[in-house]
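Peer 1: Sequence lines, in order, name chains E, W and C.
Number 273 in the working numbering belongs to position 165 of the first sequence; there are no gaps in the numbering.
Number 1547 in the working numbering belongs to position 223 of the second sequence; there are no gaps in the numbering.
Number 557 in the working numbering belongs to position 73 of the third sequence; there are no gaps in the numbering.
Structure provided below as structure tokens; questions to follow.
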Amino acid sequence: MSLISKMTTGIAGLAIMATSAMAADLSIVHGSVGRDHEILRKQLDKFEANTGNTVTIVSMPESTSDQFGQYKLWLAAQSSDIDVYRMDVIWAPQMAAHFIDLNPLVADIIGDFVPAAVESQTVDGKLVALPMFLGAPALYYRSDLLEKYGENVPETWQEMTATAQKIMDAERAAGSDGMYGFVFQGAAYEGLTCNAQEWIASNGGGRIVELDGSIAINNPKAAEALTLAASWVGGIAPEGVLNYKEEDARGVFQSGNAVFMRNWNYAYALAGGEDSPVRGKFAVTTLPTGGEGTSTAATLGGWHLGVTKYSKNQDAAVELVRFLTNYENQKERAIVTSRPPTLSAVYEDADVAAQQEFIPLWKPVVDNALPRPSAATLRKYNEVSSAFWTAVHNTMSGQGSAEENLAKLEQDLTRLKGPRW
Amino acid sequence: MARSVNTSRLTRLRTRSAWAFLAPMLIVLFVVAGWPLGRTIWFSFTDASLDLMSEARWVGIRNYLEYVEFKDGEGKFYGLLADARWWRSVGNTIWFSVVSVSTETVLGLIVALVLNQEFRGRGLVRAAVLIPWAIPTIVSAKMWAWMLHDQFGILNDMLMKVGLISAPVAWTASPDTAMIAVMIVDVWKTTPFMALLILAGLQMIPGDLYEAAKLDGVSALRVFRKITLPLIMPAVLVAVVFRSLDALRIFDIVYVLTPNTDTTRTMSVYARENLFDFDKFAYGSAASTLMFLIIALITIVFILGSRMDLEGKRT
Amino acid sequence: MTQVWLKRLGFYALVTVIILQAVFPFYYAILTSLEDGQALFEVNYLPAALNLVNYKSMLANGVFGKQILNSVFVATVVVIISLALAVTAAYALSRIQFRGRGLLLLTILSVSMFPQIAVLSGLFEVIRWMGLFNSLWALVFSYMIFTLPFTVWVLTTFMRNLPVEIEEAAIMDGASSLTIIRRVFLPLMWPAMVTTGLLAFIHAWNEFLFALTFMSTDGQRTVPVAIALISGRSEFEIPWGNIMAASVTVTLPLVALVLIFQRKIVSGLTAGAVKG
């Protein structure tokens, strides 16, 4: 607490911004989660004090599809009611036409940001949004159980499967009926796209759609990865995993009923919470690989700030975006909301490491981040993602083999692509 | 009753007042619904996207059906009418509606008959019965998702305690049970709606009809079949029509409860995907329009089949 | 004698089952609202702890009261306007003979055949064009789309079933149609009016999509949106405790409403009004 208040005073001193000639009324919209709203309001108060502008927060439900639909309606109506939008990492290419190019306006600072994050927001050379904070997954494992059975932290998916099976069987024999080996996000939604593209990419199967827009997903390596994943369902993973989202997976893992879990950074603080049965019994590592010659892959999540073309106060809005992503504010946000920052330097900050021990751990994850193919597929991304998760979900629920579903997926994607994306 | 010259003038007068009475309602409905609906139908014949509505161009029936000839001379049909996913969602929706609306009607009738009896604490029971309908859908869908959860769900816990199942059932995840889960929630949620409308119908039956039957010593079942059922039939039918319209347009329970897969995707979910998520506004509009036609057809068939008295010929 | 006794036992057993199925999920929701953290992931049948934290944190948030008032306002006005419009329309449709009544009824019904989501963007344009964006009247106005067809249809059906004799005398006396509606039909229509009003009220009270789209500030929002805005401590966490606490809070007024009006549902014809 004292640290935060000390820091706040520091920021007020440091953040001397050029006050614009005319005070503007700005509006920022975001889907607030946890203390997001509180911390944003606090930082906006500082911004208002520094610049004389006023900023109103419009909050939205956290359901990303509700936000997406609403933002599209507002933007389609060319509404000037909102100046700054906080957007999901995958929206930039789909909404690019409604936002100003930030490149010339942030050229002086863009080098400090995590490159993968900047890349994800760049569409045809246009910087649609400035990265605000990230989300990145890791493999959570029960360190106590691994130690008990003398197993190493797995480096490949095969090792993980074998270890999970062994520990699950042994624990069940010892009376823990509800024990499972691995939980992840297997429901048919965007989260499955994230999970499955990690399995495939880390197995050398390439991307859903390659960077140049070509489609090479129907390959043996990808099929191998999906076949392995399908074998988990009803084996080391409960059958219900086919409708698990983040919280379902966390619930199982945190109740002590899973050896491994793939989840985002948010679960770390909760699973380590005071009432958590697995507190002190788990650790995180990078997601496994497909073996020799392959490398780990982690899907990048996150929320980023864009200024709409229809804003009547674009200069002040850009100023606001720069303010909210500066070092001090990112540091504060990382400490209070445990959001992984987008400035590389904040990962090395001693205060952050002291208060949020996991953030430095996530640096390698963020550096290995694998963006979803939203940049290549542009406005068709959602449909591509839906086709992809459908193929994966069908494979996992036993409706066709991996090869069959991938062949069908290739067809679907080719048709979707048409002459070009 | 003899019809005199006077009555015909009266009839004309009354017809005029009929339109005066109808006008406010029709005007409001036209303003609220006319433009949005007409626009949706228009966009279904264009290439509009949500971002670029003003640039929408007329493309004919391409969203519905299009024959594309490939370079090698072979061709293939595209468009909504040739989309297996769409027809699958139509099938899902109709299957869902038939099962849940008929279940709801039977259960609603039973509940209404019970609530129509005189007994102590009836008011409280009425209020209690209405609770499922009163809870906001966004909440009840999440609540049921929680209760149906394979690991922490109370339903699996109960069934296992009773011994009906030996291992947890993944209600919402498994393709076999996902639709059943949606139906359970829908029936639970909307039976009160049915029950209340039918109850209102029951309450409008003059009490002396029953008394007469009672005096004649007719059995309860016969009274129900010969007196009650025919009299509440109009109320039941109108309740069924509105429930069916809602069921055919079901969206939120499916959306919150089940994975977004072919086994539970309904027409509304399909339309929403295209309208907002897939950036295919025109195609989504076409789906909405086709959905409107399908529902209209079903409604008309139902109204004709059930001999619903629309024109009021009996009076 | 035993037969009567058995019958009564069966009847009360049925009542019990009806109550249980309706109330148990709600009870479970209340139970959940009293739990926190890890306790959520365990199945309990009885409250493990009485933790009112979730209710306190919700009521401490100043806007929630305003949002309940918004919902009350919108739902009440919607019910009043739609009943007023529908009663007159239903009279015309049920008691006056003219051509095309069936077609008109079908046209009214057809409004309810489009998916809500398809109407959304067009309605958004209408609302903006009328300058009602972010005003509660936008909701009152747009909810007519589902309350009007429903109320008109139900009231028409019920009115048509009333015997012809009841208005004949009035017509012969030369009473105007409005008087006939007010004096003759309204007293008889109570069960139907209260029922449709109640169902429309709940529908308006629980509507989410329009309420989200047409309102942009927290002070103007209605209860379902407010509930959706309740978020967990982190991105994917669902704050069951808070959500359930809010739902319990907004469902109780509806239960009270039913208790108040349920007497009206049973009055009407059974009170012998047809003879009077």
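Ideal Cβ positions, reconstructed from N, Cα and C, are used throughout, including at glycine.
What residues in its chain sit with their C-beta under 7 angstroms from that of W:V1423, if we drop five residues either side in the sequence?
Peer 2: Here residue 1423 of chain W is taken as the residue at index 99 of the second sequence, counted from 1. Only M1507 meet the Cβ criterion.
Peer 1: With DSSP collapsed to three states, give me the class of W:F1369.
Peer 2: One-based indexing of the second sequence puts residue 1369 of chain W at position 45. If DSSP states are grouped into helix, strand and coil, W:F1369 belongs with coil.
Peer 1: Quickly, what does DSSP pair E:D196 with across the bridge? List them, please.
Peer 2: For the purposes of this step, residue 196 of chain E is taken as the residue at position 88 of the first sequence. The partner list for E:D196 (beta bridge, DSSP) reads E:W411.
Peer 1: Report the option in W:I1622, W:P1583, W:N1387 whose CA atom is closest to the CA atom of W:S1609.
Peer 2: Taking the first residue of the second sequence as position 1, residue 1609 of chain W is located at position 285. Comparing Cα-Cα distances from W:S1609 to each of W:I1622, W:P1583, W:N1387, the minimum goes to W:N1387.
Peer 1: At the 8 angstroms Cβ level, is W:A1571 part of the contact set with chain C, yes or no?
Peer 2: Here the question's residue 1571 of chain W lines up with position 247 in the second sequence. With 8 angstroms as the cut-off, W:A1571 does not count as an interface residue toward chain C.
Peer 1: Counting only Cβ pairs nearer than 9 angstroms, list the residues of chain W close to C:R667.
Peer 2: Counting from 1 along the third sequence, the entry for residue 667 of chain C is found at position 183. In chain order: nothing, as chain W lies at least about 16 angstroms away.
Peer 1: Nearest CA to the CA of W:T1514: which residue from C:A676, C:L683, C:P675?
Peer 2: Stepping through the second sequence from its first residue, residue 1514 of chain W is reached at position 190. Ranking C:A676, C:L683, C:P675 by Cα distance to W:T1514 puts C:L683 first.
Peer 1: Pull up the CB-CB distance for W:Y1607 and W:V1593, whole angstroms please, since I reckon it's below 8 angstroms.
Peer 2: Translated into the one-based positions of the second sequence, residue 1607 of chain W becomes position 283. Translated into the one-based positions of the second sequence, residue 1593 of chain W becomes position 269. Not quite, the Cβ-Cβ distance comes to about 14 angstroms (not below 8 angstroms), so this is no contact.
Peer 1: Which of the three DSSP states is assigned to W:T1613 in this structure?
Peer 2: Taking the first residue of the second sequence as 1, we reach residue 1613 of chain W at position 289. If DSSP states are grouped into helix, strand and coil, W:T1613 belongs with the helices.
Peer 1: Which residues in chain E have a C-beta closer than 8 angstroms to the C-beta of W:F1602? List them in chain order.
Peer 2: Here residue 1602 of chain W refers to the residue found at position 278 when the second sequence is read from its first residue. Ordered by position in chain E, the residues that pass the 8 angstroms Cβ test against W:F1602 are K488, N490, E491, S494.
Peer 1: List the whole-angstrom C-beta distance separating E:P346 from E:Y297, where the pair is believed to meet the contact cut-off of C-beta under 8 angstroms.
Peer 2: To locate residue 346 of chain E, count along the first sequence from 1; it is residue 238. To locate residue 297 of chain E, count along the first sequence from 1; it is residue 189. Between E:Y297 and E:P346 the Cβ distance is about 18 angstroms, and since that is not below 8 angstroms, they are no contact.
Peer 1: Taking W:S1498 as the query, report the chain E residues whose CB atoms sit under 9 angstroms from its CB, ordered along the chain.
Peer 2: Your numbering for residue 1498 of chain W matches position 174 in the second sequence. Near W:S1498 (Cβ distances below 9 angstroms), the residues of chain E are E347, G348, L350, N351, S505.
Peer 1: At the level of alpha carbons, what is the spacing between E:G401 and E:W307?
Peer 2: One-based indexing of the first sequence puts residue 401 of chain E at position 293. One-based indexing of the first sequence puts residue 307 of chain E at position 199. In a straight line, the C-alpha of E:G401 is about 14 angstroms away from that of E:W307.
Peer 1: Do W:T1613 and W:T1417 come within 8 angstroms of each other at the CB atom, strictly closer than that value?
Peer 2: Numbered from 1 along the second sequence, position 93 holds the residue referred to as residue 1417 of chain W. Numbered from 1 along the second sequence, position 289 holds the residue referred to as residue 1613 of chain W. Cβ atoms of W:T1417 and W:T1613: not closer than 8 angstroms.
Peer 1: Starting from the C-beta of C:I611, find all residues in its chain whose C-beta is less than 6 angstroms away, skip the five residues before and the five after it, and write them out in chain order.
Peer 2: Taking the first residue of the third sequence as position 1, residue 611 of chain C is located at position 127. Cβ neighbours of C:I611 beyond the five flanking positions: F617, A622, F698.
Peer 1: Leaving out five residues on either side along the sequence, give the residues of the same chain with a beta carbon under 8 angstroms from the beta carbon of E:S505.
Peer 2: As a first step, residue 505 of chain E is located in the first sequence; it is residue number 397 there, counting from the start. The residues are V341, L350.
Peer 1: With E:D277 as the anchor, note down where its alpha helix (DSSP H) starts and where it stops.
Peer 2: Your numbering for residue 277 of chain E matches position 169 in the first sequence. From DSSP, the alpha helix (DSSP H) with E:D277 extends over 265–281.
Peer 1: Do we get a CB-CB distance below 8 angstroms when we pair C:V562 with the residues of chain W?
Peer 2: Against the third sequence, residue 562 of chain C aligns to sequence position 78. No, its Cβ sits nowhere closer than 8 angstroms to a Cβ of chain W.
Peer 1: With C-beta atoms as the reference, is E:L235 less than 8 angstroms away from E:N211?
Peer 2: Residue mapping note: residue 235 of chain E aligns to position 127 of the first sequence, counting from 1. Residue mapping note: residue 211 of chain E aligns to position 103 of the first sequence, counting from 1. Cβ atoms of E:L235 and E:N211: closer than 8 angstroms.
Peer 1: Verify whether the separation of the beta carbon atoms of E:A405 and E:L134 is less than 8 angstroms.
Peer 2: Position 297 of the first sequence, counted from the first residue, corresponds to residue 405 of chain E. Position 26 of the first sequence, counted from the first residue, corresponds to residue 134 of chain E. In this structure, E:L134 does not lie closer than 8 angstroms to E:A405 by Cβ.
Peer 1: Looking at chain E, is there any beta carbon in it that lies within less than 8 angstroms of the beta carbon of C:S619?
Peer 2: By 1-based counting over the third sequence, the position of residue 619 of chain C is 135. No, C:S619 lies away from the interface with chain E (no Cβ there is under 8 angstroms from its Cβ).
Peer 1: Where does E:P449 fall in DSSP's three states?
Peer 2: Residue numbering aside, residue 449 of chain E sits at position 341 when the first sequence is read from its first letter. It is a strand residue.
Peer 1: What residues from chain E crowd round W:N1584, counting only those whose CB sits closer than 7 angstroms?
Peer 2: In the second sequence, residue 1584 of chain W corresponds to position 260, counting from 1. In chain order: A296, Y297.
Peer 1: For E:D144, which option in C:L741, C:P737, C:I714, C:V742 has the closest C-alpha, if you only look at C-alpha atoms?
Peer 2: Indexing the first sequence from 1 puts residue 144 of chain E at position 36. Minimum Cα distance to E:D144 is reached at C:I714.
Peer 1: Just to confirm, are W:I1455 and C:V739 a CB contact at a threshold of 8 angstroms?
Peer 2: Numbered from its first residue, the second sequence carries residue 1455 of chain W at position 131. Numbered from its first residue, the third sequence carries residue 739 of chain C at position 255. Cβ atoms of W:I1455 and C:V739: closer than 8 angstroms.
Peer 1: Please confirm whether C:S596 has its beta-carbon closer than 8 angstroms to some beta-carbon of chain E.
Peer 2: In the third sequence, residue 596 of chain C corresponds to position 112, counting from 1. With 8 angstroms as the cut-off, C:S596 does not count as an interface residue toward chain E.
Peer 1: So, are the CB atoms of E:W529 and E:R194 less than 8 angstroms apart?
Peer 2: Position 421 of the first sequence, counted from the first residue, corresponds to residue 529 of chain E. Position 86 of the first sequence, counted from the first residue, corresponds to residue 194 of chain E. No, the Cβ-Cβ distance between E:W529 and E:R194 is not below 8 angstroms.
Peer 1: Does W:L1374 have its Cβ less than 8 angstroms from a Cβ in chain E?
Peer 2: As a position in the second sequence, residue 1374 of chain W is number 50, starting the count at 1. It does; some Cβ of chain E falls within 8 angstroms.
Peer 1: At what residues does the alpha helix (DSSP H) containing E:S135 begin and finish?
Peer 2: One-based indexing of the first sequence puts residue 135 of chain E at position 27. That residue, E:S135, is in no alpha helix (DSSP H); its beta strand (DSSP E) goes 133–139.
Peer 1: Checking contacts by CB at 8 angstroms: is W:S1609 closer than that to chain C?
Peer 2: What you label residue 1609 of chain W is simply residue 285 of the second sequence in a count that begins at 1. Judged by the 8 angstroms Cβ criterion, W:S1609 is in contact with chain C.
Peer 1: Check for me: the beta strand (DSSP E) holding E:L238 runs from which residue to which?
Peer 2: What you label residue 238 of chain E is simply residue 130 of the first sequence in a count that begins at 1. Taken as a continuous stretch (DSSP letters only), the beta strand (DSSP E) holding E:L238 covers 238–243.
Peer 1: Under 7 angstroms between beta-carbons, which chain W residues line up against E:A184? List them in chain order, please.
Peer 2: Reading the first sequence from its first residue, position 76 is the one you call residue 184 of chain E. Here the neighbours are L1374, D1375, M1377.
Peer 1: Would you say W:D1576 reaches chain E, if we count a Cβ-Cβ gap shorter than 8 angstroms as a contact?
Peer 2: As a working mapping, residue 1576 of chain W is identified with position 252 in the second sequence. False, the Cβ-Cβ gap to chain E never drops below 8 angstroms.
Peer 1: Tell me the rounded alpha-carbon separation between E:A129 and E:R430.
Peer 2: Walking along the first sequence from the start, residue 129 of chain E turns up at place 21. Walking along the first sequence from the start, residue 430 of chain E turns up at place 322. Unreliable placement is indicated for E:A129, whose pLDDT of 48 sits below 50; no coordinate value is reported for it.
Peer 1: With a threshold of 16 other CB atoms inside 10 Å of the CB of E:E170, please say whether the residue is buried or exposed.
Peer 2: What you label residue 170 of chain E is simply residue 62 of the first sequence in a count that begins at 1. That one is buried.
Peer 1: Starting from the N-terminal side, write out each stretch of the alpha helix (DSSP H) that is 4 residues or longer and does not extend beyond the stretch 1447–1503 of chain W.
Peer 2: Qualifying alpha helix (DSSP H) stretches, in chain order: 1461–1471, 1478–1486.
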